[in-house]
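Chains as they are written, first to last, in the working numbering: chain S, 1 to 197; chain Z, 1 to 197. Cβ coordinates follow ideal geometry from the N, Cα and C atoms, glycine included. Keep in mind the model is a prediction, meaning the values are calculated, not measured.
Number of protein chains: 2
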Amino acid sequence: MPRASAPRFTRMTSEDRRAQLMDVALAGLARGGIQEFTVDRICQAAGVSRGLILHHFGSMGGLLAAVYARLYRETTPNLASLPTNARLEALIEGTFAPKAFNRDTLNAWVALWGQIANTPKLREEHRRQYAAYVEDVSAAIAALSSTPGGALEARPLAKALICLIDGLCLQHCLDPAAMPAETAKAACGAFLAPHLG
Amino acid sequence: MPRASAPRFTRMTSEDRRAQLMDVALAGLARGGIQEFTVDRICQAAGVSRGLILHHFGSMGGLLAAVYARLYRETTPNLASLPTNARLEALIEGTFAPKAFNRDTLNAWVALWGQIANTPKLREEHRRQYAAYVEDVSAAIAALSSTPGGALEARPLAKALICLIDGLCLQHCLDPAAMPAETAKAACGAFLAPHLG
DNA sequence: GCCAATACTATACGATCATTCAGCAAGGAT
DNA sequence: ATCCTTGCTGAATGATCGTATAGTATTGGC
Chain S
1 MPRASAPRFT RMTSEDRRAQ LMDVALAGLA RGGIQEFTVD RICQAAGVSR
51 GLILHHFGSM GGLLAAVYAR LYRETTPNLA SLPTNARLEA LIEGTFAPKA
101 FNRDTLNAWV ALWGQIANTP KLREEHRRQY AAYVEDVSAA IAALSSTPGG
151 ALEARPLAKA LICLIDGLCL QHCLDPAAMP AETAKAACGA FLAPHLG
Chain Z
1 MPRASAPRFT RMTSEDRRAQ LMDVALAGLA RGGIQEFTVD RICQAAGVSR
51 GLILHHFGSM GGLLAAVYAR LYRETTPNLA SLPTNARLEA LIEGTFAPKA
101 FNRDTLNAWV ALWGQIANTP KLREEHRRQY AAYVEDVSAA IAALSSTPGG
151 ALEARPLAKA LICLIDGLCL QHCLDPAAMP AETAKAACGA FLAPHLG
């Protein structure tokens with residue numbers, strides 16, 4: 001009767017299991033910061049044994065970098081599919097939508113920021129994503145620039161806007177009531193108004 | 001011959017020892033982030049035994065809150081002693097001076113941000129300091145406001161400026177070359193120009 | 001129905017974590 | 001010169017950390 005009992009565990013495709021572990025790790029970061037990002041807690045929450053993280057990600061640093069990429073992809077507005085003159089508004093709307101602009105999600109971001117300087121794989125991932133982000137925002141701004149030569153200003157303006165957004169996110173994370181989404185959106189609007197038509 | 005050997009340790013006043021431990025802990029945060037913030041590393045670097053942190057701070061959370069207060073006091077420009085119409089410029093100059101706007105110092109800030117959500121004592125300390133900070137910056141802005149009724153706008157403008165500053169600091173910390181001090185200062189100038197006389 | 005590839009388990013390992021606590025010792029007060 | 005306050009030591013505790021590894025079990029392809 002070797003087939004009488006159910007399988008002790010289920011095999012997933014490598015891709016699916018990686019996704020599951022990233023989601024569980026992300027939920028931990030959102031809930032309790034970097035203290036929750038441990039082999040024990042993640043594997044227990046995912047219902048798998050301790051060896052699986054190493055098997056799929058090589059190290060905890062590898063998982064952390066993968067989580068960063070996943071969080072970026074899930075919460076950063078995708079502008080590529082939109083007409084260029086609609087992108088800037090979509091960026092602002094998407095950034096401060098409840099899906100992205102909430103305490104838990106931002107908690108995960110802040111926790112990741114704190115690890116970038118000390119986790120080589122994560123730093124690489126961040127620089128790659130950040131460069132693409134600046135490109136996207138620059139293009140969105142340039143498309144709405146009032147002056148023809150405004151394209152020259154789009155890049156520094158994009159960087160400053162990104163910094164403002166990051167700061168607003170940080171503030172909301174540390175004290176949500178002190179920086180609600182509407183206030184944050186208004187701050188971005190006031191920042192951009194003088195530079196656009 | 002009980003007096004032949006030198007004292008095994010030197011006693012400090014409680015205040016001096018606390019200051020030393022805060023400095024050592026801060027240096028660790030600046031160098032290696034929150035991973036360096038452990039009893040063993042701090043006490044070994046300070047040349048004291050492991051029991052001393054509990055003796056002076058009650059817990060690691062207590063030390064972390066004290067370190068936050070110390071970092072704030074050491075790197076945030078003190079505006080109170082200046083005439084009101086000189087405070088805003090002093091804020092910008094001081095914020096982006098090498099003493100405050102450098103990778104190590106900002107690394108400590110980012111590491112602390114990552115702990116605020118999960119360390120009650122640190123969160124209290126942050127909210128207290130942040131409230132005072134908003135007051136100071138609001139007053140500095142109001143003093144230069146072009147319109148008489150501009151005082152009504154000073155508070156949200158101050159909050160937005162603080163967010164921009166935080167974002168610029170974060171960016172410099174994660175990739176110093178991508179956000180030099182001059183660029184950061186210019187971004188603040190561009191942000192404020194439309195609102196001031 | 002068997003085989004081979006590999007997802008997965010489970011334990012062991014050495015290091016490190018924060019906190020506790022009983023008592024030593026330094027140095028100003030008397 | 002002795003006392004007393006208290007800064008300080010250092011070992012013990014029990015939990016938890018990331019990584020390594022030997023081997024089991026599942027599942028798709030044959």
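Across the set S:A25, S:G58 and S:H56, the C-alpha of S:A25 shows the shortest separation from the C-alpha of S:I42.
Z:Q171 belongs to the set of residues whose beta carbon lies under 8 Å from a beta carbon in chain S. Contact of Z:Q35 with chain S is assigned, a C-beta pair being separated by under 8 Å. Z:A27 and Z:D136 have their C-alpha atoms spaced approximately 27 Å apart.
Approximately 7 Å separates the beta-carbon atoms of S:L112 and S:L29; this is inside 8 Å, confirming the contact. When secondary structure is reduced to three states using DSSP, S:S81 falls in the coil class, being assigned neither helix nor strand. Not a single CB atom of chain Z sits nearer than 8 Å to the CB of S:I92. Of Z:A186, Z:S138 and Z:V134, the smallest CA-CA separation from S:K159 is found for Z:A186. Contact annotation for S:C43 against chain Z: no contact, minimum CB-CB distance about 21 Å [criterion: below 8 Å]. By DSSP's assignment, S:S145 forms a beta bridge with S:L196. In this model, Z:F57 and Z:A46 are separated by some 15 Å (Cα to Cα). The region 94 to 103 of chain S makes no contact with the region 88 to 106 of chain Z, as fewer than three CB pairs between them are under 8 Å.
In this structure, DSSP gives S:A46 a helical state, which the three-state scheme calls helix. Interface criterion not met: the Cβ of S:I141 is under 8 Å from no Cβ in chain Z.
Approximately 4 Å separates the beta-carbon atoms of Z:G167 and S:D166; this is inside 8 Å, confirming the contact.
With respect to the 8 Å criterion, Z:H126 and S:L174 are classified as neighbours on the basis of their beta carbons. Per DSSP, the unbroken alpha helix (DSSP H) holding Z:M22 starts and ends at S14 to G32.
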